[in-house]
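Residue numbers (our numbering): 1175 to 1254.
Note that the Cβ used here is the ideal one computed from N, Cα and C, for glycine as well.
Quick caveat: nothing in here was measured; it's all calculated off a predicted structure.
So the structure is just underneath, and the comments pick up after that.
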Amino acid sequence: MTHQLPATARISLGGMALLLVLAGSALPAAASPADTSRTPVEATVEEQRLDRAAPQEILRRSGFDTFAPRFERALKHAKS
């Protein structure tokens, strides 16, 4: 025994399916590579504060100051 949806429900579901298909076709098929030729953007206020004494002290006491050089090297060698 099969159950049929009311006509309004079938129309609504069909309309939603059509919207999903149309929305999906508007998306790019593949990601485009990042534009690395751009000039560097000015540092944010938060980034400019990192060189001050208090943030450096927090990093030193927490031990995270040792991770920055290794992280920088890892980023330079990353393929993506």
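N-terminal and C-terminal residue of the alpha helix (DSSP H) that residue i is part of
i, result
"A1252", "Premise fails: A1252 is in no alpha helix (DSSP H) and is neither H nor E."
"R1223", "V1219 to R1223"
Secondary structure of residue i, DSSP reduced to three states
i, result
"D1239", "helix"
"E1216", "coil"
"S1186", "helix"
"Q1230", "helix"
Test item: CB-CB of residue i and residue j under 7 Å
i, j, result
"L1233", "D1239", "yes"
Cβ-Cβ separation, residue j to residue i (assumed contact under 8 Å), whole Å
i, j, result
"P1229", "R1223", "6 Å"
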